[in-house]
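Protein chains in written order, with the numbering used here: chain P, 48 to 161; chain B, 7 to 119.
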Amino acid sequence: GAGVSQSPSNKVTEKGKDVELRCDPISGHTALYWYRQSLGQGLEFLIYFQGNSAPDKSGLPSDRFSAERTGGSVSTLTIQRTQQEDSAVYLCASSPQGGPYEQYFGPGTRLTVT
Amino acid sequence: EDQVTQSPEALRLQEGESSSLNCSYTVSGLRGLFWYRQDPGKGPEFLFTLYSAGEEKEKERLKATLTKKESFLHITAPKPEDSATYLCAVQGNSGGGADGLTFGKGTHLIIQP
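As structure tokens, this is what we get:
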């Protein structure tokens, strides 16, 4: 079946602009996660959704970052007033349910802030 | 705070030369330890989940084991297509509905023909 999809695959933006990154999880998966992978760094957890609610936003690096999920499916990660340090690959993952179960990752969105 | 340390950072092997990758972790109540494979320009691909010390799982040339402090990914008679970055991650009982994984920085494995 179809895996996790993300769009766009690449995004180049100017410093100070807002960007929206989209994630389509595997159909039927109730849990959705956003991570960030920077050069030389490991994957960094950002936020977790169970259904449409986000019980854990602890990983969001600043109040410029926000995310929402509608209809228990598609999620959007928004970064306002982008900074150069926001440049990274943003990865989305989904899981059949929350908890210690395998998370299936999408291909990621490579964000470059110039 | 959960922590994951992987070693070595990079490993170059000849085809057929078996070896092991290490993942050391500290976590407040392990709920699960995960191994992923990541190819350049792609998202991580799930390999294994281990839940308790003593548990082992196998898939083709890969075998993952778990103790209370570390996990090993054993690669037997590797082939060039096994070349990738292997990532280890943990999920602990951090509370507050925290289901995010804590990842190590990975081991970059190169298998030479």
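Glycine is no exception: its CB is placed at the ideal position from the N, C-alpha and C atoms.
Bear in mind that the values here come from a model prediction, so they are computed numbers and not experimental data.
Spanning the alpha carbons of B/Q12 and B/L39 requires a straight line of approximately 13 Å. Per DSSP, the beta bridge partners of B/H80 are B/S26 and B/K69. Leaving aside the five residues that flank P/Y148 on each side, the residues in its chain whose CB is nearer than 6 Å to its CB run, in chain order, S142.
Considering only beta carbons, the part of the region 68-79 of chain P lying closer than 7 Å to chain B consists of A78, in chain order.
Within the DSSP bridge table, the entry for P/A135 names P/L158 as partners. Distance check between P/R111 and each of P/H76, P/V51, P/L93 and P/T156 places P/L93 closest, using alpha-carbon atoms only. In this structure P/V59 is exposed. Its beta-carbon is surrounded by fewer than 16 other beta-carbon atoms within 10 angstroms. Under a criterion of Cβ atoms nearer than 9 Å, the residues of chain P adjacent to B/R37 are, in order, G146 and P147. DSSP, read as helix, strand or coil, puts B/P86 in helix.
When C-alpha distances from B/T91 are compared across B/T71, B/N99, B/G98 and B/E51, the shortest belongs to B/E51. The beta-carbon of B/K111 is placed less than 8 Å from the nearest beta-carbon of chain P. By the beta-carbon neighbour count (other beta carbons within 10 angstroms, threshold 16), B/S77 is buried. Within the DSSP bridge table, the entry for P/Y148 names no partner.
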